[in-house]
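There are 2 protein chains.
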Amino acid sequence: MPRTSSTRAPGGAVTLQQVATVAGVSLATASRVLHGSGGRKVAEALAERVTAAAAELRYVAHAPAQSLARSRSTVVGVLVHDIADPYFAAIAAGAMDVAREYDLMVLVANTFRDPGLERDYLARLRAQRARAVLLAGSAFVGEPFAEEVAAFAESGGRVAAIGAHGTGIDTVEPDQYGGGRLIAEHLVGLGHREIGVITGPAGLATVAQRLAGFTSVVAAPRLGHADFTREGGRAATHELLGRHPELTAIFALNDLMAAGALAALRELGRPVPEQLSVAGFDDLPVATDVTPALTTVRLQLADIGARAMRLLLDDEPVGRLVPAPAELVVRDSTGQASTLH
Amino acid sequence: MPRTSSTRAPGGAVTLQQVATVAGVSLATASRVLHGSGGRKVAEALAERVTAAAAELRYVAHAPAQSLARSRSTVVGVLVHDIADPYFAAIAAGAMDVAREYDLMVLVANTFRDPGLERDYLARLRAQRARAVLLAGSAFVGEPFAEEVAAFAESGGRVAAIGAHGTGIDTVEPDQYGGGRLIAEHLVGLGHREIGVITGPAGLATVAQRLAGFTSVVAAPRLGHADFTREGGRAATHELLGRHPELTAIFALNDLMAAGALAALRELGRPVPEQLSVAGFDDLPVATDVTPALTTVRLQLADIGARAMRLLLDDEPVGRLVPAPAELVVRDSTGQASTLH
DNA sequence: GTGGGGGTGGAAAGCGCTTTCCGCCTGCGA
DNA sequence: TCGCAGGCGGAAAGCGCTTTCCACCCCCAC
Chain A
-14 MPRTSSTRAP GGAVTLQQVA TVAGVSLATA SRVLHGSGGR KVAEALAERV
36 TAAAAELRYV AHAPAQSLAR SRSTVVGVLV HDIADPYFAA IAAGAMDVAR
86 EYDLMVLVAN TFRDPGLERD YLARLRAQRA RAVLLAGSAF VGEPFAEEVA
136 AFAESGGRVA AIGAHGTGID TVEPDQYGGG RLIAEHLVGL GHREIGVITG
186 PAGLATVAQR LAGFTSVVAA PRLGHADFTR EGGRAATHEL LGRHPELTAI
236 FALNDLMAAG ALAALRELGR PVPEQLSVAG FDDLPVATDV TPALTTVRLQ
286 LADIGARAMR LLLDDEPVGR LVPAPAELVV RDSTGQASTL H
Chain B
-14 MPRTSSTRAP GGAVTLQQVA TVAGVSLATA SRVLHGSGGR KVAEALAERV
36 TAAAAELRYV AHAPAQSLAR SRSTVVGVLV HDIADPYFAA IAAGAMDVAR
86 EYDLMVLVAN TFRDPGLERD YLARLRAQRA RAVLLAGSAF VGEPFAEEVA
136 AFAESGGRVA AIGAHGTGID TVEPDQYGGG RLIAEHLVGL GHREIGVITG
186 PAGLATVAQR LAGFTSVVAA PRLGHADFTR EGGRAATHEL LGRHPELTAI
236 FALNDLMAAG ALAALRELGR PVPEQLSVAG FDDLPVATDV TPALTTVRLQ
286 LADIGARAMR LLLDDEPVGR LVPAPAELVV RDSTGQASTL H
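Sequence order for the protein chains is A and B. The first sequence begins at -14 in the numbering used here and counts up by one. The second sequence begins at -14 in the numbering used here and counts up by one.
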C-alpha cells in the first residue's frame, strides 16, 4: 500500500499525530481512542478509523513521552547480584512473570555484589522513574545504600526486598535461619558431631542468618570461607579438611558450594555419604544433578520473586513482611555419622 | 539542612528547574552544566553552584524526559526464551556487562518460547524506543516475527541476533553445526555405531543445526524428542532405550537433557561410560557437576552475549556475521563403545 | 571614543503524548 | 419555537528536558 510509505516518516517512528492525520481526526481524539482510560467516549465510526490508521502505520506509542505526560512509567527494576547465578535467575524469572501480568517491562541490573554499582543502578532506576524496584540480593549491612533507597521511595517509587533490607519497605523474608536450623538438626540426628560449615561472602545477611540458624543447634562448627561459587566451595573443602580431618559432615551455605564440596571429596577419594555427609542450601537444579543428590533446604525461589513483585505492584500500604518457608529436602548426600573416627 | 526539605517537592521528584532555582541560574545553564555535551562552556563559578545544588537535592535527570528531548533512549532490550535457563542467563550476563560499559540499562524480556509473546515484547521494546535489541533465542523459522523486527529497525533501533535470524541484521553465529559434527566424530572415533540423539523443541534453528552437524557424520541416528529440559531428557532416554536397546551412545542436544539422560541411566543401572556413553552440548556449569562429568561442546556463552551487544552498540553498518567457535570438551561420560552387543 | 567580535547566560521552541477546558451540535421539554 | 442539558471533538496547556537562537557584556582594535 503506497499510503504507508508516503505517510511514514522515512527515518523516524510513527507519531500519534500522523495516525490522527491519516484517520482525519484530532490528536486528542486519536489519543482517547488508543490509550483512553475509558472515562471518555468516542463515536464508533471515528474510533474505527483511528484504530485502522494505527494498525496500518504500525503505530506504537512513544513510551518515554507517555511516561512524561502521565508521569508514571511502565518499567520496574530488579537488582540482582548476578543474573548468571541460578539463585537470582530463578527469583528474577518469578518476578518477571508477575510483571508481565501487570504489563510492565523489567529492567534487570547486575550488581556483582559491588555496593557502589548497587547504589549507582538504584539511582539510574530512579532516573528512569521505575515504578518499583525489587532488591533481590540481600543487602550488605550498614551501607549508605539506605539513603539511596529512601531517595527512590521519596521520588514516588516502591521498593521491596528479598531478605532483610531495613524498615519501611515491603520484604519477603525466606526463613534462612530456620533452614540453617533444619540442616543442623538433620545432621545431629544422624549422629554427626564434628561438622564443618562453608560460609559465603562476609557481610551478606543471608550468610549470617543461615549460619545463625545452624549454630543455634550446633554451637561451634568449624568454619571455612568461600564466595558462594562452586570453585570456592571446592577449595574451601580441601582447606577445611586439611585443618580438621575429624569432620564427618560439611554444610555448605548454598548448593553451588556444596557441589564444589562434592567434587573435592571425590578428588580426595572420600565417599559421600559413607564417610562424610554433605548438605547444601537453596535446592537449585544442581542439587539433583550431582551424585549423590544433595540434601538441602528448599526455598521456592521463583515464588519468592513473584510474591515480592506482587507486593510492589498492589496498592496496599508498604512495610509488610511476608515470610517464605524453608523446607528440608533429604536426599542421598547425608547419612549416619561414620564411626571411623 | 532545612533548605533541602523546603525546596524538594513533597511527593514528587526533584526537577532540573528546582536545581536551577536553588543555584540561582536559568534552566538552560543548569542543563548545560549537568548534561552538557561539552560543546558549550559555563563559567566555573556557576557550574559549581549548579553541581552543588544538584547534589544537595539528590537530583537525577528524568530519563523519559531526556529520551523525549534528545530522541534517543538509554535502554537496550534483550529477548530470551527463559532467563532461568542457564544458557540464556549466561548470554544475558555477558550482554549486560557490555551494556554497563556503555552506560545503558537492560530491559530483559522472557518469552517462554511463545512466538506471540516474542512479537509482543519486541513491539513494546520499540515503544520504549530501545536503542537496540538482542534476540538471544534462536528464532522459530518463518514467523511473522520478521515483520516486527523490520518495524523495530525502521523506527531507528538496531537489532542483533544470536544464531540465524535472517538477513540485514547483525548476527553472532555459534558454530552449532560444527559442534554437532565434533560430537559425532568423537563418538565414532570411540567405536560407537548405534547412537541415539535426543533433540530439542521442533522448529528451533539451534536444534536443526546441531542435528545437521551430527548427521553429516552419522547418517541415521535414532531420534528421541524432548524439550531442552533435564526432565525431558530423562524421559526421552527411557523411551529411546526402550525402543532401541542396542544403543551404545546418546547425544543430547544440550547439557540439561544430558544431565537428565545420566539420571535415567543411573535409574536403569547402566554404567556410564562403560556401557553407554553420553554427550551434551553447551558446556554449562552442570556439565562438570554431574558424575561422570559430561563430554560436551563448549560455547562461550557470556562472550557470545558480549559480542552481540558490541555489534549492537558500535556504529558500523549492520548486516555483519560474527562466527563463534564450538570446541569439543572431552570428559568422563564418553568412552570406547561397549562390545556387549 | 566608538564599532565589532567573541564568549556566555537566558528565553523559548520543541520532543510526543495526556488531559483539561471550551465550544459546538444535537435532542429534548416546555 | 426557544432554552438548556448532555455528549463529544478539538484546541491548548503542560510533563521535564535539550538546544537553538538571541541578547548582553566585555574587551580589543582602530
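Ideal Cβ positions, reconstructed from N, Cα and C, are used throughout, including at glycine. Keep in mind that this is a model prediction, so the values were computed, not measured.
Asked: Determine whether the Cβ of Ile68 (chain B) lies closer than 8 angstroms to any Cβ atom of chain A.; Found: yes
Asked: Quick one: Cα of Pro308 (chain A) to Cα of Glu259 (chain B), how far?; Found: 48 angstroms
Asked: Near Val257 (chain B), what residues of its chain come up, given a Cβ to Cβ distance below 7 angstroms and the 5 sequence neighbours on each side ignored?; Found: Leu247, Leu250, Val263, Pro277, Ser318
Asked: Taking the alpha-carbon positions, what's the Glu103 (chain A) to Asp105 (chain B) distance?; Found: 30 angstroms
Asked: Going by beta-carbon coordinates alone, are Gly163 (chain A) and Gly185 (chain A) separated by less than 8 angstroms?; Found: no
Asked: Using 8 angstroms as the threshold, is the region 142 to 149 of chain B in touch with the region 174 to 183 of chain B, meaning 3 or more CB pairs across them?; Found: no
Asked: Report, in whole angstroms, the separation of the C-beta atoms of Ala169 (chain A) and Val203 (chain A), which I expect to be a contact under 8 angstroms.; Found: 5 angstroms
Asked: Which residues in the same chain as Ala94 (chain A) place their Cβ atom closer than 6 angstroms to its Cβ, once the five residues preceding and following it in sequence are excluded?; Found: Leu64, Tyr106
Asked: I'd like to know if Gln113 (chain A) contacts chain B, where contact means its C-beta is closer than 8 angstroms to some C-beta of that chain.; Found: yes
Asked: Candidates B:Gly141, B:Leu42, B:Pro100: which alpha carbon is nearest Val4 (chain B)'s?; Found: B:Leu42
Asked: Just grab the DSSP bridge partners of Pro159 (chain B) for me.; Found: B:Ala309
Asked: Tell me, please, whether the CB atom of Thr276 (chain A) is closer than 8 angstroms to any CB atom in chain B?; Found: yes
Asked: Could you tell me whether the Cβ of His47 (chain A) comes closer than 8 angstroms to any Cβ of chain B?; Found: yes
Asked: Let me know the secondary structure DSSP gives Gly188 (chain A) once reduced to three states.; Found: coil
Asked: Between Arg85 (chain A) and Ser140 (chain B), what straight-line distance do the alpha-carbon atoms span, to the nearest angstrom?; Found: 24 angstroms
Asked: Would you identify the three-state DSSP class for Ser201 (chain A), choosing helix, strand or coil?; Found: coil
Asked: Here's the rule: buried if 16 or more other CB atoms are within 10 angstroms of the residue's CB, otherwise exposed. What is Ser58 (chain A)?; Found: buried
Asked: Could you tell me the distance, in whole angstroms, from the CA atom of Arg283 (chain B) to the CA atom of Ala(-2) (chain A)?; Found: 41 angstroms
Asked: Against Ala77 (chain A), what residues of chain B qualify as contacts under a CB-to-CB distance less than 8 angstroms, listed in chain order?; Found: Ile68, Ala69, Val93
Asked: For a quick check, are the C-beta atoms of Val60 (chain A) and Ile154 (chain A) less than 8 angstroms apart?; Found: no
Asked: Pick helix, strand or coil for Leu238 (chain B), following the three-state DSSP scheme.; Found: coil
Asked: Would you identify the three-state DSSP class for Thr0 (chain B), choosing helix, strand or coil?; Found: coil
Asked: By the criterion of Cβ-Cβ separation under 8 angstroms, what are the contact partners of Ala5 (chain B) in chain A?; Found: Residues of chain A passing the Cβ test: none, with the nearest at roughly 18 angstroms.
Asked: Which residues mark the beginning and the end of the alpha helix (DSSP H) in which His20 (chain B) is found?; Found: 12 to 20
Asked: In angstroms with no decimal places, state the Cα-to-Cα distance between Met90 (chain B) and Asp82 (chain B).; Found: 10 angstroms
Asked: For Asp267 (chain B), which beta-bridge partners are listed by DSSP?; Found: B:Arg283
Asked: Taking buried to mean at least 16 other C-beta atoms within 10 Å of its own C-beta, is Arg(-12) (chain B) buried or exposed?; Found: With a pLDDT of only 36 at Arg(-12) (chain B), under the threshold of 50, the placement of this residue in the model should not be trusted, and no figure is reported.
Asked: With 7 angstroms as the limit, tell me which residues of the region 259 to 272 of chain B have their beta carbon closer than that to any beta carbon of chain A; keep them in chain order.; Found: Pro270, Val271
Asked: Whole angstroms is fine: what's the gap from Tyr44 (chain A)'s alpha carbon to Val35 (chain A)'s?; Found: 11 angstroms
Asked: Using a cut-off of 7 angstroms between C-beta atoms, extract the partners of Leu328 (chain B) located in chain A.; Found: An answer regarding residue 328 (chain B) cannot be provided, because it is not within the stretch -14 to 326 covered by chain B.
Asked: Distance, Cα to Cα, Ala40 (chain B) vs Ala32 (chain B)?; Found: 12 angstroms
Asked: By the 8 angstroms beta-carbon criterion, what residues does the region 207 to 226 of chain B contribute toward chain A?; Found: Arg215
Asked: Here's the rule: buried if 16 or more other CB atoms are within 10 angstroms of the residue's CB, otherwise exposed. What is Leu306 (chain A)?; Found: exposed
Asked: Rounded to the nearest angstrom, what separates Asp88 (chain B) and Leu298 (chain B) at their Cα positions?; Found: 11 angstroms
Asked: Taking His229 (chain B) as the reference, give the member of B:Thr214, B:Gly209, B:Leu238, B:Glu216 with the closest Cα.; Found: B:Gly209
Asked: Would you list, in sequence order, the uninterrupted alpha helix (DSSP H) runs of no fewer than 4 residues that lie entirely inside the region 40 to 111 of chain A?; Found: 48 to 55, 71 to 86
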